[in-house]
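K.L.:
Protein chains in written order, with my numbering: chain A, 1 to 412; chain B, 413 to 824.
Backbone N, C-alpha and C fix where the C-beta goes; we use that ideal spot for every residue, glycine too.
These numbers come from a predicted model, not from an experiment.
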């Protein structure tokens with residue numbers, strides 16, 4: 001299989017605050033063409049380091065793609081170093097210069113002298129038009145090696161790759177097509193999922209199967225290689241079908257949707273409405289439900305009830321119950337769910353109470369203890385969870401199990 | 413200045429779904445020691461590629477740190493390739509083997525034969541104990557080069573670096589100390605901040621100044637180099653003091669705190685309480701306020717009022733006002749803030765109404781239009797914003813301007 005390396009250029013990408021993300025998008029694009037990414041490198045605005053990195057990459061890989069370092073300032077060294085590594089002089093490209101001048105003129109500006117630098121091109125390099133900025137890209141070939149030079153800003157890099165680079169890679173990529181699919185799973189940990197489906201996927205070398213944790217969700221990724229998309233899809237259908245069978249209702253998403261999108265879509269399709277009553281999640285469940293465009297169709301209202309008095313006044317949880325069972329209890333979770341449902345007049349109510357920490361835990365009621373209650377017209381029920389991690393993770397997991405309990409109780 | 417390279421090892425880090433984040437933490441640690449990171453590379457579980465990458469790195473940099481590939485399976489190739497590159501045979505380290513066996517025994521388990529591999533160490537390498545897992549790390553020296561081999565999971569890698577690697581780097585790092593500081597700014601865009609402070613920071617080459625966007629906040633980072641921490645701090649005090657002066661109350665954080673932490677701390681110090689009434693932000697403001705441990709001291713309750721009926725029933729916004737001004741209006745934002753304050757009996761109420769999109773915009777009231785109202789004992793006021801971006805960004809920006817208006821109105 002044809003393989004590639006990606007080099008991200010820019011000193012800001014070597015700080016503790018930022019990292020290259022262009023390569024994730026490029027990897028998806030290259031994978032879809034059947035091209036594997038074997039190595040990714042980040043270097044600063046440092047001529048010697050970039051020169052060595054480029055030489056090393058071209059030695060190891062037939063396709064090297066760089067992003068960044070094409071701006072008009074002294075710091076932007078990519079053009080100069082590429083010319084040196086490929087042993088070609090930089091020559092001024094008159095058409096490119098005209099184009100850049102025109103881009104400034106169109107906005108009523110005069111091109112600053114600095115920008116002339118952007119029309120310098122290594123001899124015999126093919127310039128790539130930048131439809132969203134002034135920095136042109138480059139394609140250089142040397143024997144069986146190909147070097148693609150792209151700008152750093154994603155809004156310039158992505159359309160340039162799509163319009164001018166992908167068509168040139170399609171014939172090179174050749175006979176292999178790569179197709180991917182993904183399942184998202186709730187209600188099981190990574191190792192539970194693995195022990196359930198490993199007996200299936202280990203019988204296949206194509207498609208390959210990878211289990212990942214993304215935030216609080218387990219994702220199962222499948223990648224198939226074949227001579228055509230149809231063949232790759234058939235391979236996926238076979239394996240993914242068996243895995244779906246094994247995981248059953250624990251799979252909540254087959255096309256990359258989030259849990260809140262799945263819950264929202266099914267609420268909308270059934271004409272149901274929902275209201276939330278949250279304590280330890282502090283509004284996160286309402287926030288996730290309303291992350292979805294069009295959620296006003298089914299989301300009516302949410303109450304974040306931190307104070308016990310609020311639980312009584314806005315949700316109708318009896319003060320006596322709070323005193324007897326404590327705010328973190330199965331009974332209160334159910335009363336919150338039933339209370340918000342009744343007052344908001346919705347089809348479904350969901351209530352969450354728990355201890356997110358770091359303080360407030362006791363031996364009986366430790367940090368991570370969470371009760372989720374759900375209420376419908378004919379059912380009020382709850383589940384108890386002991387969730388791992390820090391405050392942030394416990395809160396996110398609590399929102400996940402709450403949305404999942406709504407899905408399992410009302411929306412399967 | 414002494415410099416380093418970081419190599420992340422693992423095929424999952426070359427997919428479109430995941431990227432190496434260990435290097436960000438390591439970069440902060442190395443920078444604090446006065447060691448610059450000049451290059452970062454990610455390679456898969458691919459012996460030949462890793463071998464070439466290691467050789468190239470050791471040629472270019474006196475310190476090379478790898479993370480990952482130390483597990484007990486065939487895929488985990490780091491030990492083997494390191495031994496080959498350093499031309500040392502792998503030998504079984506009896507004490508390490510004992511330690512790994514004991515770690516299993518302590519959990520009532522028998523060590524699987526696979527894990528014996530983790531006690532193999534290149535000759536003359538110094539093993540590093542793993543206090544949070546079974547994979548030991550390694551330090552190898554060859555002339556003036558140093559190779560540090562760390563496990564991939566952050567909860568194993570970080571404590572190993574802190575306990576066993578940092579003390580060894582401190583003397584090497586030598587005379588240069590690097591100190592950093594960061595200001596967070598609200599209420600201004602990146603370019604506004606830059607035009608205000610560029611006249612100040614461009615007069616300095618040490619400290620260096622970088623302006624970054626982190627989520628919806630503008631961050632100004634400063635880095636000073638000097639022979640001692642005290643000298644570096646003095647350089648920072650001088651420049652940062654002038655920048656703080658220029659930015660005034662727009663700076664909300666001087667030590668890396670988030671806006672919700674700053675608001676929470678100041679509410680707690682003053683003994684104030686707060687309640688939220690949200691429409692377009694859908695619970696995000698309550699979620700951010702309750703992200704902070706101990707927020708139950710000042711956060712009483714939140715209402716997410718999507719439906720107009722909810723705004724009337726739970727917040728007391730007159731139905732007549734909603735009909736006359738529309739739900740997205742200055743009057744309704746103020747009524748929501750005053751209503752939630754009065755009913756919850758808090759010191760402060762905050763209300764947000766707006767159009768997050770993608771649908772629901774009109775010519776008069778476009779997507780991105782957001783009104784924030786705040787109410788205290790002696791003041792009810794509002795601000796109007798037209799916020800850019802997609803639904804997710806508009807909602808996040810709206811939560812940011814709302815928390816910032818609380819800060820500016822009540823907490824300066």
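1. Taking 7 Å as the CB-CB cut-off, is residue 718 (chain B) touching chain A?
2. Quick one: Cα of residue 720 (chain B) to Cα of residue 806 (chain B), how far?
3. Can you find a C-beta in chain A that's less than 7 Å from the C-beta of residue 624 (chain B)?
4. Looking only at its chain, what residues have a beta carbon closer than 7 Å to the beta carbon of residue 531 (chain B), apart from the 5 residues adjacent to it on each side?
5. Would you verify that the beta carbon of residue 265 (chain A) is, or is not, closer than 7 Å to some beta carbon of chain B?
6. Could you tell me whether the Cβ of residue 712 (chain B) comes closer than 7 Å to any Cβ of chain A?
7. Between residue 780 (chain B) and the rest of its own chain, which residues show a CB-CB distance below 6 Å, the 5 nearest in sequence each way excluded?
8. Round the Cβ separation of residue 636 (chain B) and residue 618 (chain B) to the nearest angstrom and send it over; I've been treating them as touching at under 8 Å.
9. Between residue 330 (chain A) and the rest of its own chain, which residues show a CB-CB distance below 6 Å, the 5 nearest in sequence each way excluded?
10. First and last residue of the alpha helix (DSSP H) that includes residue 435 (chain B)?
11. If the cut is a Cβ gap below 8 Å, which residues of chain B does residue 284 (chain A) touch?
12. For residue 52 (chain A), would you say it is in contact with chain B, using Cβ-to-Cβ distances shorter than 7 Å as the test?
13. Against residue 430 (chain B), what residues of chain A qualify as contacts under a CB-to-CB distance less than 7 Å, listed in chain order?
14. Which whole-angstrom value describes the C-beta separation of residue 614 (chain B) and residue 632 (chain B), a residue pair presumed to lie in contact below a C-beta threshold of 8 Å?
15. Give me, in chain order, the residues of the same chain whose beta-carbon lies closer than 8 Å to that of residue 802 (chain B); leave out the 5 immediate sequence neighbours on both sides.
16. Using a Cβ-Cβ cut-off of 7 Å (strictly less than) and excluding sequence neighbours within five positions of residue 204 (chain A), which residues of its own chain qualify?
17. Taking residue 463 (chain B) as part of the alpha helix (DSSP H), name the residues at either end of that continuous run.
18. Return the chain-ordered ranges of every beta strand (DSSP E) run that is complete within the segment 194-254 of chain A and spans a minimum of 3 residues.
19. So the beta strand (DSSP E) residue 486 (chain B) belongs to, where does it begin and stop?
20. Say whether chain B places a C-beta atom closer than 7 Å to the C-beta of residue 398 (chain A).
21. Does the CB of residue 414 (chain B) have a neighbour CB from chain A at under 7 Å?
22. If you run the structure through DSSP and keep just helix, strand and coil, what is residue 676 (chain B)?
23. What residues in its chain sit with their C-beta under 8 Å from that of residue 463 (chain B), if we drop five residues either side in the sequence?
24. Applying a beta-carbon distance threshold of less than 8 Å, which residues of chain A neighbour residue 472 (chain B)?
25. With DSSP as the reference, identify every bridge partner of residue 686 (chain B), one or two as the case may be.
26. To which residues of the same chain is residue 587 (chain B) closer than 6 Å at the C-beta, ignoring the five residues directly before and after it?
27. First and last residue of the beta strand (DSSP E) that includes residue 104 (chain A)?
28. Look at the alpha carbon of residue 48 (chain A) and the alpha carbon of residue 429 (chain B), and state the distance between them as a whole number of angstroms.
29. Contact defined as beta carbons within less than 8 Å: I believe residue 823 (chain B) pairs with residue 704 (chain B). What is the distance between those atoms, to the nearest angstrom?
30. Please check if any C-beta of chain A sits within less than 7 Å of the C-beta of residue 793 (chain B).
31. Does the segment 8-16 of chain A come within contact of the segment 54-61 of chain A, defined as at least 3 CB pairs closer than 8 Å?
32. For residue 449 (chain B), go through chain A and note every residue whose CB falls closer than 7 Å to its CB, in chain order.
33. With distances taken from CA atoms, which of A:183, A:353 and A:316 is nearest residue 256 (chain A)?
34. Between which two residues does the beta strand (DSSP E) containing residue 592 (chain B) stretch?
35. Residue 287 (chain A) to residue 172 (chain A), Cα distance in whole Å?
36. What residues from the segment 22-33 of chain A come within 8 Å of chain B, judged by C-beta to C-beta, listed N to C?
P.N.:
Taking the coordinates as given:
1. yes
2. 21 Å
3. yes
4. 504, 505, 508, 509 and 512
5. no
6. yes
7. 798, 799 and 806
8. 6 Å
9. 371 and 382
10. 434-444
11. 695 and 699
12. yes
13. 212
14. Not quite, the Cβ-Cβ distance comes to about 13 Å (not below 8 Å), so this is no contact.
15. 769 and 770
16. 239
17. 459-472
18. 208-214, 217-226 and 251-253
19. Run containing residue 486 (chain B): none; DSSP gives neither H nor E here.
20. no
21. no
22. helix
23. 493, 496 and 497
24. 49 and 52
25. B:711 and B:760
26. 639
27. Unbroken run through residue 104 (chain A) is the alpha helix (DSSP H), 94-106; no beta strand (DSSP E).
28. 31 Å
29. Not a contact, Cβ separation roughly 14 Å.
30. no
31. no
32. 14
33. A:183
34. 589-597
35. 46 Å
36. 23, 24, 25, 27, 28 and 31
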